[in-house]
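Encoded as structure tokens, the structure appears first; notes follow it.
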Amino acid sequence: MSKAIIFSDSRILKTTVENAYQKLIEPAEQVQWNSLYLEATIFPKGEIKNGSVMTGNFKGSGKAKVTFQNVQTNKEFTHYSKMKMFNFFNLGEFHHTYQVTDKGGQTEITQTVSFEPKSLGLLLKNVIANSFKKRLPESFNEFQKYVEELNS
3 MSKAIIFSDS RILKTTVENA YQKLIEPAEQ VQWNSLYLEA TIFPKGEIKN GSVMTGNFKG
63 SGKAKVTFQN VQTNKEFTHY SKMKMFNFFN LGEFHHTYQV TDKGGQTEIT QTVSFEPKSL
123 GLLLKNVIAN SFKKRLPESF NEFQKYVEEL NS
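Here the sequence shown stands for residues 3 to 154, numbered as in our numbering.
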């Protein structure tokens, strides 16, 4: 069994917990602020809960299926997927957890990315880890710009 590679960071934004959570969890919102999302849909339609599945096209990785786990409204949720190269070769398991916490009228957002390499992912783990490490601050910047511009 391989050891998980984990990256985590937090940022405080000028928005409410409810607003941040909604813009993070809803696929239609993620397409607006996250430059890696080309399109995304949710199944079943309606409230996102544990087991809901988001499918879409993502820049750099093509089509993907993400399952929602640990959904706690206005607190946290996790995107889980089995990463594949060319939709065929197993790279490993990916978890991306978003947590939102009230900080006196502002919101602390914590993103934690965990990747457990398997198969071909063991050979590519450094490349994959470096891409996550680079992407995490970019994701924060995109989200902060989207949320704070809408609030101003």
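Using N, Cα and C, we set each Cβ at its ideal position, and we do this for glycine too.
The Cβ atoms of Val129 and Ser10 do not sit closer than 9 Å to each other.
In this structure the region 20-34 touches the region 143-152; the number of beta carbon pairs closer than 8 Å is three or more.
Judged by their CB atoms, Ile7 and Pro29 are not nearer to each other than the 9 Å cut-off.
From the listed residues Phe60, Lys136 and Gln74, the smallest Cα separation to Ser54 is found for Gln74. Beta-bridge partners assigned by DSSP to Phe145: none are found. In its chain, beyond the 5 residues on either side, Glu41 and Ala42 have a beta carbon closer than 6 Å to the beta carbon of Gly58. In this chain, Lys25 is not harboured by any beta strand (DSSP E); it is covered by the alpha helix (DSSP H) spanning Val19 to Ile27.
A distance below 9 Å separates the beta carbons of Asn92 and Lys120.
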